[in-house]
Each structure stands twice: as C-alpha cells, then as structure tokens.
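Novice: Structure incoming, see below.
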Amino acid sequence: MPAARDQSAMSEGLARFAAMTALAGVLDGLNTDQLSAATHQGGPLLILAGAGTGKTGTLVARAAWLRDQEGIKPSRILLLTFTRRAADDMLARAQPPRGQDGSTRAAERLVGGTFHAVAHRIIRAHAESFALPPEFSVIDTADVADIMDTLREEHGLIGTGRRAPRAATCADIYTRCVSTGARLPDVVTAGYPWCVPFTEQLAGLFTGFVTFKRQHGLVDFDDLLLLWRAALADPAAGAALRALFDAVLVDEYQDVNAVQADIVRLLRPHGDGLTCVGDDAQAIYAFRGADPEHLRALSAAYADLAVIRLSRNYRSRHEVLLLANEIRPQSSGLELMLSAERGQGQRPMLIRCHDEGAQAREICVRVLAEYEAGVRFQDQAVLVRTSHHSDLLEVELTARGIPYVKYGGLRFTEAAHVKDFLAAARLVANPADHLAWFRLIRLHEGIGPVLAQRVIDALRITQPGPFERWPEAALTLPQRARPGLAATIGRLAAAAALASSGSTSTADRATAILDALRDPLQARYADAGVRMADLERLADAAAASPSLHDALVELALDPPVSASDLAGRPRLDDDFLVLSTVHSAKGLEWPVIHLPQLADGAVPSDMALSTPAGLEEEQRLFYVAVTRARDRLYLYAPLRMHHHRMASDDRHGYAQLTRFLTAGALAQCEVTQAGPPRPALTPSAPLAAAVDRALHSLWGTA
DNA sequence: GGTAACTGGGTTTTT
DNA sequence: CCCAGTTACC
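FYI, in our numbering the residues of the first sequence are 869 to 1570.
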C-alpha cells in the first residue's frame, strides 16, 4: 500500500526509535494519521479508514508496534479478517524478518485468519469440549441447502400447491436469523414477505435441521461462530480463551454480523488491546447478516474509544474522488471525505447508451481504446452488480476476441464432480456424514433417493464399525443397481481403512478416494476425462495439507474460484480483461474501471428498491465500485432495458438513470451519448408484408 | 414402486 | 441456466 512520507509529523524521538528497530521498515512512510493509529496507546481504537487510504499498511504497522514497542508476544496478537486473502497478505507483511535458518518460531508468529478459520482452529483443538466428534465435517452453504432439501418434504414445504420457499431460500432465512439474532417471524416478514404463510413450517424445518446436523457430526459456517461465541461466554472456558491474547485487531469491522460483534466484545470486554478497522460506508454484506450499526455502536460500547480517520487517498485521481465524495453516504459522527494524494486526472465519463446491446459495444470500444493507449486488459475491470449483468457483454467480448476472466458467480467447488469428490472425502473422514453418502450413492445409475436411503440404512453408518461390512450392504439392492455401487463402496471401505490406519500420507488417501470415484464418474459424465483431470489437481492440492480433514475445511472456507486456481497461475503472461461483481472486487483496485447498467432496477437492484435499508446498501455498493478506480472511470447507462416489463407487447421499458447519480454527482462527470443514434428508416410500406406478397406470387397464390 | 427424461418458469450479492 | 412438476419407462 503506498503511503506518503511525512517526516514532519514524526517526533524526533520516535523517528530515532523507529530507525533503530525492525519497526523502521513498517513505520517509515506512514502519514500523520496512519502513524498515530499505528502507535496509539491505551484503550480501544477505531480506525475509520476510507477506501484506498493505506489501511492494510497501517494495521500491519500497528501489529509490529504492539510487538516491538509494547512488548506483546506475536503469538498473543490475534488478527481477524473476512477473507483468507486479506489474512495471508497481512500476516506475511507483519512477520519479523526471518532468522538465519529461514524459520519463524511459533512464538514469533502472529495468530490470524478469517473469523471462521480461527473459530474452526479452536473448536477442532477442543472438539470434545464442544461435544463434537473429533472428525466433524464442516459444511458449506450448498450443503446446508441440500440438507434443507431432504428435510423439506416432512415439514410440509413441498407439493403445497402454493409457491413454497425453495431449499436455498430456506437456508438464506435460517442463516439470516442466526447471524442477526433476529426471530424467525420478524426475518420472514421483513425480508421474505411471500414466505409468511410458511413461517410455522420453516420453524419446524429449522428445528429438524439442527437435530440433523448434530446427529451426523456436521458443523456449518454459522455454527463455527456460534460455538466460538458460546465458549467465550462460558464463565470457565471464556476466561481461558480470553487469556490467550493480549491484543485483537479486526479488519473490515463494518462487515461483522451480530455473532462476530459479540465474539469481539467477549474477546476484549474492556476494550484494552482492541483495534477495529473499517468504514461503514463500505458495508455491503447485509445479505449475510452484517450490519454497519455494529461499527457505529462501538463508541457506545466503549466509553474510551479513540477514533482516528484515514482520509488521505493514495489510490485514485482527484476527479474520481470528487465523484466518490459526492455519492458517499455519510453517517453522523463518522463523516469522512477522501482527499487525493495522486494528483489530477480525468473526470469520470458517463456514457448514455441506446440499449444494453449498445452498452456492450460501447464498453468494448472503450476497453480497446485504453488497450491501444497502452493499458493492458488486466489493468481494466468491468464491475457489475449481479453476475448476469455481464451476459451480453461476454457475447460481445467473445465476438471481438477480447480475452476475459470472470470472478464471482459460480465457484469451482459448486461443480457437480467436485461436490462428488468432496462428498467421498468427507464420508471417509466422517462415516456418519449421511449427506455425503446420500450424494455418492445416488451418483450411480438407476439409484434415486429411495434406494439410496435404503442403502444408507443397511450400512448403519451412524455406528462406527468395520469398513469391511459396507460392501455387504450393497448386496441388499435390486439386481440392476448392484454391481457398480458394490464396487464403489468396496473401494471407499478401502480408502476409509487406509485413513483410519493413520500410517499413510494425505496424498495416498486422496488417491484412494479418487480411485473409488473413477468408474461412477465415467458412467455419469460425458466429459469425464476433463473432470477427472480437475479432481487430480484437487487431490494434489489436498495432499499439501497435514490431514484430509484440514484440506476439506480449507476448501469449504476458502473455495478456489476456478480449477486453474489450484494449479497456481500457469499463464502469468496472458492478459485478460477482468469481469467481476462489485462484491468480489472489494479491496481491489484497477487503473481503469468500467461500470455498466447504471439504471434503477439494476443499480440499485430491483430486489432492494422496497426497503430504505436495502437502498442504503446499494448506495454503499456503488461507492465501493467507484472507489476501485485509480486513473479513469467509465460509467454506462442504458436508456432502454429488456427486463423492464411494462405492457405485454412492450418489452423495452425506458430506464431511469440510477438515482445515485444525483445532480451533484452528475456535475462531476463528463456526459456523452454512445455513438450516433441509429437513423430511423421509416419505410413507406410495411416491408415484411411486401416480401410475403412477392413470395406468394412465386407460387401463384397471391 | 421407483428412476430418468422432458418441459416450462424464475434468476443478487458470499465467508 | 437451475429447479420443480409431469410423464414415460423399468
């Protein structure tokens, strides 16, 4: 993170001290505000860090300061983030120089990771105290939806005649309740009004879901946080866990949900040693229970809270920031205006396009113009509100041969064959994982939900037992389904035996699982070859972990975006335009940013139009998008949009320019029209009818 | 009884 | 494009 030199602000003594120690590197180059944040002494601290203001560098410097100046052992400093990328980045920069043997002793290493990863580490180390089996499985959102799907019928949420909430919606409602601590009826009424008639069924479903998880040794993302919080709130266990750390640093505090806010509070009940970094104007995760109110409430929670603002922006040109400041939602007491350290540039350009097709063509034209001027594709990004906003653009990019990569949207671990592999690996690690068995058994030809359930019953998997018994269970099946499944189960038993022997490497276990899957995958997928190749890479990646369990947890908490992620970056020199959702672009920057679909209904999303809270979130999303740009910002607004349905025969509604571009904001933009409008031909006769008449005359029927 | 193959309606954002 | 509901097939 670039940070300006600001020697004048450094006291002479401080400068001398810094120069003498390892701190010199991290403190050197901090500006006044960054320095006072990094060296803050005493009570709790909130660093209100605007976009591009050097927040990461400041947090790293603070960790170093706590270590070198306050004398806190690094292993007693906890750094909490929301993405693993952020955690890895900061931990790497915060480590002291390595010793001569190249190693860093455990005591010298900061403790850090995402909330979920740290929670998992604690729970895993004390599984028995949490009354969990030692090999519990961590399940992701898709798994939760799958379980809800299997339980939906018995709770009256299927075949109701009315549109009942789907499995994924049920899972959304569940996690919303848990992560905000709100009651089910309130959540349904406020966020899912069409599901109100099913409130009672949902309550039953959720009760069943919790029971199911406990019975099968499953822990979901919410559970990780709930269990950590429960341990911290426990009089005996809480004291022990609190005593592990003297300092807690939390990144992106505006994105905490109620449970995470509680965890932070329980870790530092008196606020000493607590540093929170965040910006409530960049809170964009309300849909998963986050609420910037938790950041705003910090000053009420801690009477001695110090607030330091970072407003000197090292990322964007002056003109970009003029627009950013104009659209930034200010909250009272936490106002912040960004000032440019990188000097003047160009005004953001708003291009009004005839329709979405014209918008796609216009983006390509501008991307290519930048490219011709020397800006590589990878230094440009198109940021969209929802991933389908780039559909038309992708067609146009492909047609013109512009290479691109897309972030956000479907993840690698959501591909069917990857889920198959993960299921196999999970049931080998945790044979009570009913869900994994269910998926794997149904993978075989001729076996649906009913037969699969019968096999599971025959396996009696909830009791730990000899794996050799498994193949016998397959013999109770109807003839047509028997041979393939029996073979797979035999191989899985072998893999499970291997795993429990404890003497083999993770790599061998992964290979054994892959062997069990080869035949069924071959039979199921036409492109089995490609899919097997994917899985080999997955197995290779898993082999780097100390255990299969750890590998699975890592994959759940930090799923690779694509298969190529697993193999590192094979083609570094290739140049791709970046397409990303705004959510996935958080924390990133590009020299050139293109923002399409700036029309009401798209930005802000029509899903959010009905509530003030939804609209506020959309505005923050827009703010985040704008502040990704370093040098140039292109805004695109289509004048007509397909999905704006009006009358049945008029599928092209007139689109309103996004309400976020107010008069004040527009004044900061250069406004142009996309190309010359298409001239109207205004033929004197209906042309199709004329052609038809001509055709009919050919066979004499006219 | 149970599974696969077909067809029509709806689609945010993700640790 | 994914999912639910239907029909056709074993």
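C-beta: ideal position from N, C-alpha, C; glycine also. For clarity, every value in this text was computed on a predicted model and none was experimentally measured.
1. Taking the Cβ atom as the reference point for each residue, do L916 and R1177 lie within a distance shorter than 7 Å?
2. Does A1558 pass the burial test, meaning 16 or more other C-beta atoms within 10 Å, or should it be called exposed?
3. DSSP state of M869, grouped into three classes?
4. Please classify A1435 as buried or exposed, where buried requires at least 16 other C-beta atoms within 10 Å of its C-beta.
5. Below 8 Å on the Cβ atoms is my guess for L1406 versus F1289; work out the distance and round it to an integer in Å.
6. Less than 7 Å between the C-beta atoms of V1539 and L1218, yes or no?
7. Quick check on the DSSP output: the beta strand (DSSP E) that includes V1145 runs from which residue to which?
8. Where Y1504 and F1155 are concerned, what is the direct C-alpha to C-alpha distance, given to the nearest angstrom?
9. Roughly how many whole angstroms lie between the Cα atoms of V1116 and E1003?
10. Measure the Cβ-Cβ separation of E1209 and R1180 and say whether it is below 7 Å.
11. Where D1442 and P1271 are concerned, what is the direct C-alpha to C-alpha distance, given to the nearest angstrom?
12. Per the contact definition of three or more C-beta pairs closer than 8 Å, is the region 1230-1248 in contact with the region 1490-1504?
13. Can you grab the Cα-Cα spacing for the pair H994 / V1296, in whole Å?
14. Would you mind reading off the limits of the beta strand (DSSP E) that contains K1274?
15. Return yes when the Cβ of F1113 is within less than 7 Å of the Cβ of R977, no when it is not.
16. Might you give, ordered along the chain, the residues of its own chain that have their beta carbon closer than 7 Å to the beta carbon of E1161, omitting 5 neighbours on each side?
17. Less than 7 Å between C-beta atoms, sequence neighbours within five positions excluded: which residues of the same chain meet that for A1013?
18. With Q1122 and D1147 assumed to form a contact (beta carbons below 8 Å), what rounded beta-carbon distance in angstroms separates them?
19. Leaving out five residues before and five after P942 in sequence, what residues of the same chain have Cβ atoms less than 6 Å from its Cβ?
20. Given a threshold of 16 other Cβ atoms within 10 Å of its Cβ, counted over all protein chains shown, does I991 qualify as buried or as exposed?
21. Closest to P1459 by C-alpha separation, out of L1445, K923, Q1465, would be which residue?
22. Pick out the complete beta strand (DSSP E) segments inside the region 1016-1093, 3 residues or longer, and give them in chain order.
23. For E1230, does the count of other Cβ atoms within 10 angstroms reach 16, so buried, or fall short, so exposed?
24. Evaluate contact between the region 1162-1175 and the region 1130-1139, counting only Cβ atoms and requiring at least three cross-stretch pairs below 8 Å.
25. So T1526 packs on V1450, CB below 8 Å; how close in whole Å?
26. Excluding the 5 residues flanking T1356 on each side, which residues of the same chain have their C-beta closer than 6 Å to its C-beta?
27. Assess contact between the region 1388-1397 and the region 1359-1376, defined as three or more Cβ pairs (one per stretch) separated by less than 8 Å. Is contact present?
28. In or out: G980 buried (at least 16 other Cβ within 10 Å) or exposed?
29. Using DSSP's beta-bridge definition, name the partner residues of L1389.
30. Just curious, the beta strand (DSSP E) that H1462 is in, first and last residue?
Specialist: So, from the listed chains and residues:
1. Cβ distance < 7 Å, so L916 and R1177 count as in contact.
2. exposed
3. Here the model assigns M869 a pLDDT of 35, short of 50, so the residue's position is not dependable, and the following value carries that caveat. In this structure, M869 counts as coil in the three-state DSSP scheme.
4. Because the pLDDT of A1435 is 46, which lies under 50, any placement of that residue in the model is unreliable, and the number read from its coordinates should be weighed accordingly. The residue in question, A1435, is exposed, as its Cβ has fewer than 16 Cβ neighbours within 10 Å.
5. 6 Å
6. Cβ distance < 7 Å, so V1539 and L1218 count as in contact.
7. 1142-1146
8. 26 Å
9. 29 Å
10. yes
11. Take the alpha-carbon of D1442 and the one of P1271: they are about 9 Å apart.
12. Flag = yes, the region 1490-1504 and the region 1230-1248 touch.
13. Roughly 21 Å between the two C-alpha positions.
14. K1274 -> beta strand (DSSP E) spans 1272-1275.
15. no
16. none
17. Answer for A1013: A1035, A1036, A1039, listed in chain order.
18. 6 Å
19. R935, E976, R977, L978
20. I991 should be labelled buried.
21. Nearest in C-alpha terms to P1459, of all of L1445, K923, Q1465, is L1445.
22. 1086-1088
23. By the neighbour-count rule (16 or more Cβ atoms within 10 Å), E1230 is buried.
24. At 8 Å Cβ cutoff, the stretches touch.
25. Contact flag wrong, Cβ pair sits at about 13 Å.
26. A1384, P1388
27. no
28. buried
29. BP columns for L1389 are empty, so no partner.
30. 1458-1463
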